[in-house]
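Numbering (the numbering used here), first residue to last: 4 to 501.
Glycine included, every Cβ here is placed at the ideal spot set by N, Cα and C.
Written out below as structure tokens is the structure these notes cover.
In structure tokens:
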């Protein structure tokens, strides 16, 4: 059978906020076949392809009726002869054969979540999941030149995690949100030595893709009777690698342990599947580091690990940390301290957190700085808590979280008897979130409580808030605040007793 030389693909045209789609014929190959014969691609092209896939999928969702693509996988992505990226027109009769290929069980197993085993429904979340799996495949099947930097790997690792963890609160809600997680290409700098442990995020991305790439690279020889689970394929891939490489039994064992620890770290940090991470850590025989990580995982999973045993494990892991190359292990230890409530534990957590932040880690530290702020708050160091929340604000992208942080910072400033600072924080928060009823009510309350502020100023603030949010007067908290401070509304005007 002669392979197809071209396909009907989608072409998008954006006008204002609406997107129009048409079909055109291009010569090329599906991504799954293209990478089989052209695995070496430039890093610039890699990032460019990821951006184009994301853009095209986002454009598809903007079309009339807000449709979903449904079949997002390496079979539906076409690489033209000019190495441009397109999505197949799934409504074209000429692509019926490709559609049938995607319906095969072996394809569905790798590009659909377990709770959605068939291409029967269409949704934004399934499109995002398919895109994450496609990126995963692209990374595992290609050889980038120059190699990915650690900062780029961490960013891509988070991107894929936020695509695949569909039931997480941090999962992407729309495709356009993915763009900012795709690294920008920059000219390569002078190469630096990377230790084996510094490469954990690289292995994490590749190993996540092993279950996909193992099948796809051998799809012609696949049979229904010869299916393997992802875990079995990882094992098969490792055994195959051992057969090809020469080396002592000790070297082979160390290599196996390295894979297991890397997988354990991945499940711990990105998937938050602590039971699974514990299994991998326990499987790495003879590694004291893995044994202590297993103890932390078991406690995080809700196991019966006493505080003293957990504390000792965390201290043992800390004793082996060597700096930026062990960033992943720092994050495991920091998360482990969340299970301990003694003041000495909070202080140990804060000391380690400060050390970690000083290393200049490249990944987003919003969660860590937020946890550190809460820890400072619990030990009564309000000024330090405010500083940590300020750091969290700089990296946090979730609007609801940022709005909440402004409120927390203002509250802590009031506890520290710094009303001027609290008001300044709230003014900044209101400037960023002008429709936040919570921030405006908090601002009005603090002004009314400040005896040094004239009531006319309070009255003006109330009027400005009502102009910005006319529905504010319906809020029970706002009504209560007005009554407590002797203010009333008459039409659109505010008046109160002197």
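(message) With three or more beta-carbon pairs closer than 8 Å as the criterion, would you say the stretch 408 to 418 touches the stretch 445 to 465?
(response) yes
(request) Answer with buried or exposed for residue 361, where buried requires no fewer than 16 other C-beta atoms within 10 angstroms of its C-beta. (result) exposed
(message) Do residue 114 and residue 53 have their beta-carbon atoms positioned less than 8 Å apart in this structure?
(response) no
(message) Tell me the rounded alpha-carbon separation between residue 287 and residue 352.
(response) 27 Å
(message) Give me the DSSP bridge partner(s) of residue 178.
(response) Residue pairing by DSSP places residue 178 in no beta bridge whatsoever.
(message) Helix, strand or coil, according to DSSP, for residue 89 in the structure here?
(response) It is a strand residue.
(message) So, with DSSP's three-state summary, where would you put residue 66?
(response) strand
(message) Report the start-end ranges of each alpha helix (DSSP H) in the stretch 311 to 341 that is 4 residues or longer and not cut off at the edges.
(response) 330 to 339
(request) Would you mind reading off the limits of the alpha helix (DSSP H) that contains residue 114? (result) Residue 114 -> alpha helix (DSSP H) spans 108 to 114.
(request) Round the Cβ separation of residue 490 and residue 465 to the nearest angstrom and send it over; I've been treating them as touching at under 8 Å. (result) 6 Å
(message) Buried or exposed, going by whether 16 or more other CB atoms sit within 10 Å of the CB of residue 21?
(response) With fewer than 16 Cβ atoms within 10 Å of its Cβ, residue 21 is classed as exposed.
(request) Below 6 Å CB to CB, which residues in the same chain sit around residue 13 once its five sequence neighbours on both sides are set aside? (result) These residues qualify, in order along the chain: 24, 90 and 92.
(message) With distance defined between alpha-carbon atoms, name the residue in 311, 61 and 88 nearest to residue 2.
(response) Past the boundaries of the shown model lies residue 2; the chain is included only from 4 to 501, so the question cannot be answered.
(message) Just verifying my parser: in three-state terms, what is the DSSP assignment at residue 455?
(response) coil
(message) Extract the residue ranges of the beta strand (DSSP E) inside the stretch 394 to 450, only unbroken runs of 3 or more that lie entirely within it.
(response) You should have found no qualifying run.
(request) Starting from residue 43, trace the beta strand (DSSP E) both ways and give me its first and last residue. (result) Element bounds for residue 43: 43 to 45.
(request) Taking only the alpha-carbon atoms, compute the straight-line gap between residue 354 and residue 337 and give it to the nearest angstrom. (result) 10 Å
(request) Please report how far the alpha carbon of residue 391 lies from the alpha carbon of residue 379, in whole angstroms. (result) 9 Å
(message) Assuming residue 490 is part of the beta strand (DSSP E), what are its boundary residues?
(response) 490 to 493
(request) Leaving aside the five residues before and after residue 161 along the sequence, list all residues of the same chain whose C-beta is less than 8 Å from its C-beta, in chain order. (result) 184, 273, 366 and 367
(message) With a threshold of 8 Å on Cβ separation, who are the neighbours of residue 314 within its own chain once the five nearest residues in sequence on each side are excluded?
(response) 343 and 348
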